[in-house]
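Accompanying notes for the structure given below.
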Amino acid sequence: MPEVSPHPSFRRALVLGGARSGKSRHAEALTMAAGPAPWVYIATAEAGDDEMRARIAHHRERRGAGWHTIEAPLDLCGALSGAADAGSSVLVDCLTLWLANLMAAGRDLEAEQAALVDTLVTVSQTRPVVLVSNEVGLGIVPDNALARAFRDAAGRLNQAVAAACDHAVFMAAGLPMVLKTAG
Amino acid sequence: MPEVSPHPSFRRALVLGGARSGKSRHAEALTMAAGPAPWVYIATAEAGDDEMRARIAHHRERRGAGWHTIEAPLDLCGALSGAADAGSSVLVDCLTLWLANLMAAGRDLEAEQAALVDTLVTVSQTRPVVLVSNEVGLGIVPDNALARAFRDAAGRLNQAVAAACDHAVFMAAGLPMVLKTAG
Amino acid sequence: MPEVSPHPSFRRALVLGGARSGKSRHAEALTMAAGPAPWVYIATAEAGDDEMRARIAHHRERRGAGWHTIEAPLDLCGALSGAADAGSSVLVDCLTLWLANLMAAGRDLEAEQAALVDTLVTVSQTRPVVLVSNEVGLGIVPDNALARAFRDAAGRLNQAVAAACDHAVFMAAGLPMVLKTAG
Numbered sequence: 471m472p473e474v475s476p477h478p479s480f481r482r483a484l485v486l487g488g489a490r491s492g493k494s495r496h497a498e499a500l501t502m503a504a505g506p507a508p509w510v511y512i513a514t515a516e517a518g519d520d521e522m523r524a525r526i527a528h529h530r531e532r533r534g535a536g537w538h539t540i541e542a543p544l545d546l547c548g549a550l551s552g553a554a555d556a557g558s559s560v561l562v563d564c565l566t567l568w569l570a571n572l573m574a575a576g577r578d579l580e581a582e583q584a585a586l587v588d589t590l591v592t593v594s595q596t597r598p599v600v601l602v603s604n605e606v607g608l609g610i611v612p613d614n615a616l617a618r619a620f621r622d623a624a625g626r627l628n629q630a631v632a633a634a635c636d637h638a639v640f641m642a643a644g645l646p647m648v649l650k651t652a653g
Numbered sequence: 471m472p473e474v475s476p477h478p479s480f481r482r483a484l485v486l487g488g489a490r491s492g493k494s495r496h497a498e499a500l501t502m503a504a505g506p507a508p509w510v511y512i513a514t515a516e517a518g519d520d521e522m523r524a525r526i527a528h529h530r531e532r533r534g535a536g537w538h539t540i541e542a543p544l545d546l547c548g549a550l551s552g553a554a555d556a557g558s559s560v561l562v563d564c565l566t567l568w569l570a571n572l573m574a575a576g577r578d579l580e581a582e583q584a585a586l587v588d589t590l591v592t593v594s595q596t597r598p599v600v601l602v603s604n605e606v607g608l609g610i611v612p613d614n615a616l617a618r619a620f621r622d623a624a625g626r627l628n629q630a631v632a633a634a635c636d637h638a639v640f641m642a643a644g645l646p647m648v649l650k651t652a653g
Numbered sequence: 471m472p473e474v475s476p477h478p479s480f481r482r483a484l485v486l487g488g489a490r491s492g493k494s495r496h497a498e499a500l501t502m503a504a505g506p507a508p509w510v511y512i513a514t515a516e517a518g519d520d521e522m523r524a525r526i527a528h529h530r531e532r533r534g535a536g537w538h539t540i541e542a543p544l545d546l547c548g549a550l551s552g553a554a555d556a557g558s559s560v561l562v563d564c565l566t567l568w569l570a571n572l573m574a575a576g577r578d579l580e581a582e583q584a585a586l587v588d589t590l591v592t593v594s595q596t597r598p599v600v601l602v603s604n605e606v607g608l609g610i611v612p613d614n615a616l617a618r619a620f621r622d623a624a625g626r627l628n629q630a631v632a633a634a635c636d637h638a639v640f641m642a643a644g645l646p647m648v649l650k651t652a653g
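Residue numbers (this note's numbering), protein chains in the order written: chain A, 471 to 653; chain B, 471 to 653; chain C, 471 to 653.
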C-alpha cells in the first residue's frame with residue numbers, strides 16, 4: 471500500500487497515469503485515507519470480454535472489505551450523486567473507460583464533461599472524491615481518426631477535471647509526481 | 471488562463487507534453503507574461519487537411535488580439551530571426567510539426583537542429599522565446615520504421631532544445647511539472 | 471554529461487523514461503558518480519538487426535573507456551551476481567528489452583521479476599546498481615493483444631523495481647523528474 475498522509479486535506483483528487491502505473495492502488499489509498507469505511511467505489515468498466523473481466527476481478531480482490539461498489543458505465547453523474555449516502559469518501563475508476571463508453575453510445579461529450587464537473591463540485595462538498603484517469607497522449611499520433619478523436623477528448627476531459635480538482639498527481643512506476651496539491 | 475508569475479525570468483522556455491495536455495495555452499501564458507503586446511506567434515503547422523485547419527482556427531481564436539502570426543512550416547530559423555522586430559516575446563508552436571515537415575521535405579535533421587539551437591540562443595538575447603514540443607516516445611514501440619525514426623528524431627530534438635533552454639516544463643492535464651527552471 | 475551530485479547516496483536507482491529521453495546518458499552519469507572506474511555495463515540488447523546494432527554501437531562509443539560490458543539478454547540475475555567482482559558500480563540497460571527477451575523465450579515473468587528484485591537487493595549491498603527502463607503505457611491502448619500484454623508486464627516490472635529502489639527518476643527531454651530519492 472503506498473504511503474499517503476493519514477488525513478489528506480483534498481476535496482477532489484485526480485490520479486492520472488499510464489497503463490499499469492499504479493493509479494488504482496494509489497487512488498484507493500487516497501480514498502481510504504480521506505475517511506473511515508465504508509468507501510464507495512464507482513466502476514465505469516463493463517465486463518465485456520475476458521481480459522476486462524479478469525482486470526475487474528483483480529482490482530476487486532485487492533480492494534478487499536469496506537468498499538461499496540456501484541457500476542456506472544454511462545451514468546457517472548447519477549452514481550456520484552447517489553454515492554454520498556453510501557460511504558465517507560468516493561473513488562471513480564476510471565474516467566477514460568467512461569469516456570470510451572460515452573463515445574460508443576454517441577453521447578454529447580461536451581455536455582457530459584460539463585455535467586461531471588458540476589456534479590463533482592457539488593458532491594465533494596460533503597464527501598471527498600478521488601478520480602482515476604489515463605494519460606493516453608504521449609505516444610506517436612495514432613493512424614486512425616477514431617483513436618485521435620479519443621485521445622483529444624481524453625486530454626480535454628483530463629484538463630477540465632484537473633482544473634476542478636485541488637489535488638492531482640501523475641503516476642509512473644507506482645510513484646506519484648505532484649501536479650497540484652491541496653497541501 | 472493558467473497562472474504564471476507576471477515576469478518570469480527565462481530567456482528560452484520549452485513547454486513539452488502530450489496531445490491535448492494544455493501545452494499551447496501554457497506557452498501562450500508564458501509568452502504574454504514575458505513582455506507587453508504585441509507578441510509573435512510562429513506557426514509551424516500547415517493547414518493541409520480539415521482536421522488541422524480546425525485545430526489552427528481553434529488556437530488562433532483562443533489567442534485573440536495582440537498576436538502577430540508568422541507561418542514557418544520549414545524555415546523556422548528565418549522566422550525566428552525576423553520575429554525579434556515584430557514583438558516583445560516569441561512563441562514557436564510547435565517543434566514536432568516542424569520536424570515532421572523537415573522529414574517530409576527530406577532535410578538534413580542534424581544540421582537543422584544545430585541551426586535552430588544557434589538561432590534560438592541569438593534571438594533570445596533580445597527577446598524571450600517559448601517553444602512548444604510534443605513528447606511522443608512514451609507508448610509502445612511503433613510497428614513501422616518511419617514512425618520509429620520520427621520518435622527518435624523528436625526525442626533528440628527535444629533533448630537538444632531543452633539543454634539550450636533555461637526553463638522547461640512537462641505538461642499533463644493542463645498542469646506543468648518543472649523539468650528545469652530559471653527561478 | 472548531465473550534472474549529478476558527485477557521490478549520490480543511492481544503493482539502487484531506477485531511470486525510467488520514453489524513447490530518446492536521455493535515460494542511458496543519465497544512468498551512465500549516475501553509475502560513474504557512484505564510484506571509481508571500472509564500472510560494469512550489463513547489456514540486455516541482442517544485436518538482432520541493423521537498427522539495434524547501430525543503437526548498441528552508438529551507446530558503446532558514448533560510454534568510452536572504463537566500462538566492462540556483460541551481455542545478458544536473458545540471464546540478468548546471473549550477470550548481476552557476477553558483476554560485483556568486475557567494477558565499483560553496475561548499470562543495467564535496459565529492463566524493457568530484457569522483458570521482451572523473456573516473453574519471446576516463454577519464460578515465467580512473475581518468477582523472473584521476483585528473482586530480479588531479490589538479486590538486486592543482494593548485489594546492491596556491496597555495489598550501487600542503476601537500472602534503465604522504458605515507460606510504454608502512456609499512448610493509446612494498442613490494437614494487438616501481445617502489445618497490451620507487454621505493456622502490462624512492463625508496467626508491473628517497473629512498479630516492482632521502483633518499489634525496491636531508493637532512488638527513481640522519470641526522464642523527459644534529457645532532464646530528470648524525481649519519483650523518489652535517497653537524498
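Quick reminder that beta carbons are idealized off the backbone N, C-alpha and C, glycines included.
Computed from a predicted model, the values in this text were never measured in an experiment.
### Message
Short of 6 Å in beta carbon distance, which residues of its chain neighbour T651 of chain C, apart from the five on each side in sequence? Order them along the chain.
### Response
The residue given as residue 651 of chain C occupies position 181 in the third sequence. Correct list, in chain order: H637.
### Query
Could one say the Cβ of M641 of chain B lies closer than 8 Å to chain C's Cβ atoms, at least one of them?
Translated into the one-based positions of the second sequence, residue 641 of chain B becomes position 171. Answer no: the Cβ-Cβ gap between M641 of chain B and chain C never drops below 8 Å.
### Task
Could you please give me the residues that DSSP links to W568 of chain A through a beta bridge?
In the first sequence, the residue the question calls residue 568 of chain A occupies position 98. DSSP lists no partner for W568 of chain A.
### Query
Who pairs with M738 of chain B in a beta bridge, going by DSSP?
This structure cannot speak to residue 738 of chain B, because chain B is shown only from 471 to 653.
### For V631 of chain C and L586 of chain A, the rounded distance between their alpha carbons
If you number the first sequence from 1, residue 586 of chain A lands on position 116. If you number the third sequence from 1, residue 631 of chain C lands on position 161. Looking at the two C-alpha atoms, the distance is approximately 36 Å.
### Message
Tell me which residues share the same chain as R533 of chain C and place their Cβ nearer than 8 Å to its Cβ, disregarding the 5 neighbours each side in the sequence.
### Response
Here residue 533 of chain C corresponds to residue number 63 of the third sequence, with the count starting at 1. If we look at R533 of chain C and ignore the five residues flanking it on each side, its Cβ neighbours are E498, Y511.
### Message
Taking the beta carbon of G536 of chain A as the centre, do at least 16 other beta carbons fall within 10 Å, making it buried, or is it exposed?
### Response
Locating residue 536 of chain A in the first sequence gives position 66, where the first residue counts as 1. Classification for G536 of chain A: exposed.
### Query
For the candidate residues C:A624, C:A556, C:R490, whose alpha-carbon lies nearest to that of F620 of chain B?
Taking the second sequence and counting its residues from 1, the one referred to as residue 620 of chain B is at position 150. The shortest Cα separation from F620 of chain B among C:A624, C:A556, C:R490 belongs to C:R490.
### Partners in chain C for A412 of chain A, counting only beta-carbon separations shorter than 7 Å
Since the displayed chain A opens at 471 and closes at 653, residue 412 of chain A lies outside it and no answer follows.
### Message
Residues in the same chain with beta-carbon distance under 7 Å from M647 of chain A, minus the five sequence neighbours each way, listed in chain order, please.
### Response
Here residue 647 of chain A refers to the residue found at position 177 when the first sequence is read from its first residue. Within the same chain, M647 of chain A has close Cβ partners V639, F640.
### Message
My parser needs the beta strand (DSSP E) runs of 3 or more residues fully inside the segment 602-644 of chain B; what are they?
### Response
637-642
### Message
In whole angstroms, give me the CA-to-CA distance for V485 of chain A and L645 of chain B.
### Response
Taking the first residue of the first sequence as position 1, residue 485 of chain A is located at position 15. Taking the first residue of the second sequence as position 1, residue 645 of chain B is located at position 175. Those two C-alpha atoms are separated by around 13 Å.
### Query
Measuring CB to CB, does N571 of chain A end up less than 8 Å from S603 of chain A?
For the purposes of this step, residue 571 of chain A is taken as the residue at position 101 of the first sequence. For the purposes of this step, residue 603 of chain A is taken as the residue at position 133 of the first sequence. Their beta carbons are not under 8 Å apart, which means N571 of chain A does not touch S603 of chain A by this criterion.
#### Entry: Sequence-distant residues of its chain with Cβ nearer than 6 Å to G505 of chain A (five each side left out)
For the purposes of this step, residue 505 of chain A is taken as residue 35 along the first sequence, with counting starting at 1. Counting only Cβ-Cβ distances below 6 Å, and skipping sequence neighbours, we find S558, S559.
### Query
Between the C-alpha atoms of C635 of chain B and D555 of chain B, what's the straight-line distance to the nearest angstrom?
Position 165 of the second sequence holds residue 635 of chain B. Position 85 of the second sequence holds residue 555 of chain B. Distance between the alpha carbons of C635 of chain B and D555 of chain B is about 21 Å.
### Message
Using beta carbons (cut-off 8 Å, strictly below), is A581 of chain C in contact with chain A?
### Response
Numbered from 1 along the third sequence, position 111 holds the residue referred to as residue 581 of chain C. False, the Cβ-Cβ gap to chain A never drops below 8 Å.
### Query
For K650 of chain B, which residues in chain C fall below 7 Å Cβ to Cβ?
Numbered from its first residue, the second sequence carries residue 650 of chain B at position 180. Residues of chain C passing the Cβ test: L645.
### Task
Could you list which residues in chain B have their beta carbon closer than 7 Å to that of N604 of chain A, in chain order?
Sequence index remark: in the first sequence, residue 604 of chain A carries index 134 (1-based). Those within 7 Å of N604 of chain A in chain B number zero; the least Cβ separation is about 11 Å.
### Message
Is the beta carbon of A542 of chain A closer than 8 Å to that of I526 of chain A?
### Response
Residue mapping note: residue 526 of chain A aligns to position 56 of the first sequence, counting from 1. Residue mapping note: residue 542 of chain A aligns to position 72 of the first sequence, counting from 1. Cβ distance not < 8 Å, so I526 of chain A and A542 of chain A don't count as in contact.
### Query
So, G492 of chain C versus E605 of chain C, is the Cβ gap smaller than 8 Å?
Within the third sequence, numbered from 1, the residue matching residue 492 of chain C stands at position 22. Within the third sequence, numbered from 1, the residue matching residue 605 of chain C stands at position 135. Not in contact: G492 of chain C and E605 of chain C (Cβ atoms no closer than 8 Å).
### Query
Does R532 of chain B come within less than 8 Å of chain A when only Cβ atoms are used?
Counting from one through the second sequence, the residue named residue 532 of chain B turns up at place 62. No, its Cβ sits nowhere closer than 8 Å to a Cβ of chain A.
### Task
Check the Cβ of A524 of chain C against every Cβ in chain B and list those closer than 7 Å, keeping chain order.
In the third sequence, residue 524 of chain C corresponds to position 54, counting from 1. Within 7 Å Cβ-Cβ: nothing; A524 of chain C doesn't reach chain B, min ~11 Å.
### Query
Can you find a CB in chain E that lies within less than 8 Å of the CB of N614 of chain A?
In the structure shown, chain E does not exist; the protein chains are A, B and C.
### Top-ranked residue by Cα proximity to L590 of chain A, from A:A549, A:A517, A:H529, A:D519
Along the first sequence, read from residue 1 onward, the residue named residue 590 of chain A stands at position 120. When only C-alpha atoms are compared, the closest one is A:A549.
### Message
Let me check understanding here. Comparing Cα to Cα, which of B:T592, B:V593, B:A623 lies closest to G607 of chain B?
### Response
Start at 1 with the first residue of the second sequence, and residue 607 of chain B comes out as number 137. Per the Cα distances, B:A623.
### Query
Under a CB-based cut-off of 8 Å, is F480 of chain C close to chain A?
Here residue 480 of chain C refers to the residue found at position 10 when the third sequence is read from its first residue. False, the Cβ-Cβ gap to chain A never drops below 8 Å.
### Message
Between the alpha carbons of L565 of chain A and E531 of chain C, how many angstroms are there, rounded?
### Response
Looking up residue 565 of chain A in the first sequence gives position 95. Looking up residue 531 of chain C in the third sequence gives position 61. For L565 of chain A and E531 of chain C, the distance between alpha carbons rounds to 45 Å.
### Query
Under 8 Å between C-beta atoms, does Q595 of chain C make it to chain A?
By 1-based counting over the third sequence, the position of residue 595 of chain C is 125. Closer than 8 Å: no.
#### Entry: Limits of the alpha helix (DSSP H) - the one that T539 of chain A falls within
Position 69 of the first sequence, counting from 1, holds the residue named residue 539 of chain A. From DSSP, T539 of chain A is part of no alpha helix (DSSP H) but of the beta strand (DSSP E) over 537-541.
### Message
Which residues in chain C have a C-beta closer than 7 Å to the C-beta of G492 of chain A? List them in chain order.
### Response
Numbered from its first residue, the first sequence carries residue 492 of chain A at position 22. In chain order: Q629.
### Query
What are the residues that DSSP puts in a beta bridge with L561 of chain C?
Working through the third sequence from its first residue, we reach residue 561 of chain C at position 91. DSSP, once it has assigned bridges, lists C:Y511, C:V600 as partnering L561 of chain C.
### Task
Over the uninterrupted alpha helix (DSSP H) stretch that includes R577 of chain C, give me the two end residues.
If you number the third sequence from 1, residue 577 of chain C lands on position 107. Unbroken run through R577 of chain C: none, as it is neither H nor E.
### 8 Å contact criterion, which R482 of chain C and V599 of chain C should meet: CB distance rounded
Start at 1 with the first residue of the third sequence, and residue 482 of chain C comes out as number 12. Start at 1 with the first residue of the third sequence, and residue 599 of chain C comes out as number 129. Rounded, the Cβ-Cβ distance is 5 Å, consistent with contact.
### Task
Specify, as a first and last residue, the run of the alpha helix (DSSP H) that G552 of chain C falls within.
Within the third sequence, numbered from 1, the residue matching residue 552 of chain C stands at position 82. G552 of chain C -> alpha helix (DSSP H) spans 546-553.
### Message
Less than 7 Å separating the Cβ of A524 of chain C from some heavy atom of the ligand NAD?
### Response
This structure lacks the ligand NAD; in fact it carries no ligand of any kind.
### Query
If we ignore side chains and look at the alpha-carbon of each, how far apart do T596 of chain B and M502 of chain A end up?
Residue 596 of chain B sits at position 126 when you count from the first residue of the second sequence. Residue 502 of chain A sits at position 32 when you count from the first residue of the first sequence. So the two alpha carbons sit approximately 53 Å from each other.
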